[in-house]
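Residues in the sequence shown are numbered from 1 upward in steps of one, following my numbering. Note that CB positions come from ideal geometry on N, CA and C, so glycine has one too. Quantities reported herein were computed from a predicted structural model and do not represent experimental measurements.
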Amino acid sequence: MALKSTVFKAELQISDLDRNHYHNYHLTLARHPSETDRRMMIRLLAFIMNASEQLEFAKGLSRGEEPDLWQKSLSGEVELWIDLGQPDEKRIRQACHHTEHVIIYTYNSRSATVWWQQIEHKLTRFHNLTVINLADEMVDKLAQLAERTMRLQVTIHDAIIWITSDEQAVELVPTAWR
Numbered sequence: 001m002a003l004k005s006t007v008f009k010a011e012l013q014i015s016d017l018d019r020n021h022y023h024n025y026h027l028t029l030a031r032h033p034s035e036t037d038r039r040m041m042i043r044l045l046a047f048i049m050n051a052s053e054q055l056e057f058a059k060g061l062s063r064g065e066e067p068d069l070w071q072k073s074l075s076g077e078v079e080l081w082i083d084l085g086q087p088d089e090k091r092i093r094q095a096c097h098h099t100e101h102v103i104i105y106t107y108n109s110r111s112a113t114v115w116w117q118q119i120e121h122k123l124t125r126f127h128n129l130t131v132i133n134l135a136d137e138m139v140d141k142l143a144q145l146a147e148r149t150m151r152l153q154v155t156i157h158d159a160i161i162w163i164t165s166d167e168q169a170v171e172l173v174p175t176a177w178r
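Written out as structure tokens, the structure is:
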């Protein structure tokens with residue numbers, strides 16, 4: 001019998017001063033059986049950093065041809081493609097050719113650094129690509145916020161992200177590699 005996804009609920013109060021975006025979101029996240037709390041919370045962070053009414057979680061791990069998050073236009077065209085981890089050059093190339101903007105959030109510092117050193121020069125021609133690295137300590141702090149029901153207040157200012165729950169607060173400073 002196949003394992004089922006675990007459902008998490010997140011109530012977000014986002015105040016993004018950098019983008020002038022202030023909104024409350026009620027999200028349902030399905031954590032794939034092979035996914036860790038760390039990776040699920042990185043998906044949530046990617047949502048927070050790009051929050052909009054049209055941004056949604058895609059099938060991601062369940063369907064290899066879909067990203068982790070995406071934003072589509074009213075006509076169904078993908079405007080924003082967000083992947084986590086260390087996708088191969090072919091996947092990045094295809095996403096960049098078919099999407100207005102592609103964002104990759106890398107984590108696992110050692111392997112991400114090696115991945116970036118090997119692939120960076122191959123990606124210079126893609127002007128619609130952003131690569132953001134999340135340091136291990138930051139991801140560990142973020143994972144501590146994972147609960148089946150989360151109520152989080154988020155403030156983003158000068159590329160610094162503060163996330164507060166009822167029990168704790170974390171400060172995150174992602175690094176833009178590209």
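| Check | Outcome |
| --- | --- |
| Bridge partner(s) assigned by DSSP for Met-150 | Ala-10 |
| Reduced DSSP category for Ser-15 - H, G, I as helix; E, B as strand; rest coil | strand |
| Secondary structure of Ala-169, DSSP reduced to three states | strand |
| Counterpart residues of Trp-22 in DSSP-defined beta bridges | In the sequence on display, residue 22 carries Tyr and not Trp. Answer is Ser-15. |
| Sub-8 Å separation of Leu-172 and Leu-142 beta-carbons | yes |
| Integer-rounded CB distance, given that Met-150 should sit under 8 Å from Lys-9 | 7 Å |
| Bridge partners - His-101, DSSP secondary structure assignment | Leu-80 |
| Other residues of its chain near Leu-145: CB distance less than 8 Å, five sequence neighbours each side excluded | Met-41, Leu-152, Ile-163, Ser-165, Gln-168, Val-170 |
| Sub-8 Å separation of Asp-18 and Ala-135 beta-carbons | no |
| Test item: CB-CB of Glu-79 and Glu-100 under 8 Å | yes |
| Gln-117 burial status per 10 Å Cβ neighbour count (16 or more: buried) | exposed |
| Check whether Ala-176 and Ile-132 have beta carbons under 8 Å apart | yes |
| Three-state secondary structure (DSSP) of Lys-194 | The structure shown does not extend to residue 194, since the chain is modelled only from 1 to 178, so the question has no answer here. |
| Inter-residue Cα distance where the pair is Arg-125 and His-97 | 11 Å |
| Three-state secondary structure assigned by DSSP to Gln-178 | It is worth fixing the name first, because residue 178 is Arg in this sequence and not Gln. Three-state DSSP puts Arg-178 in coil, outside helix and strand. |
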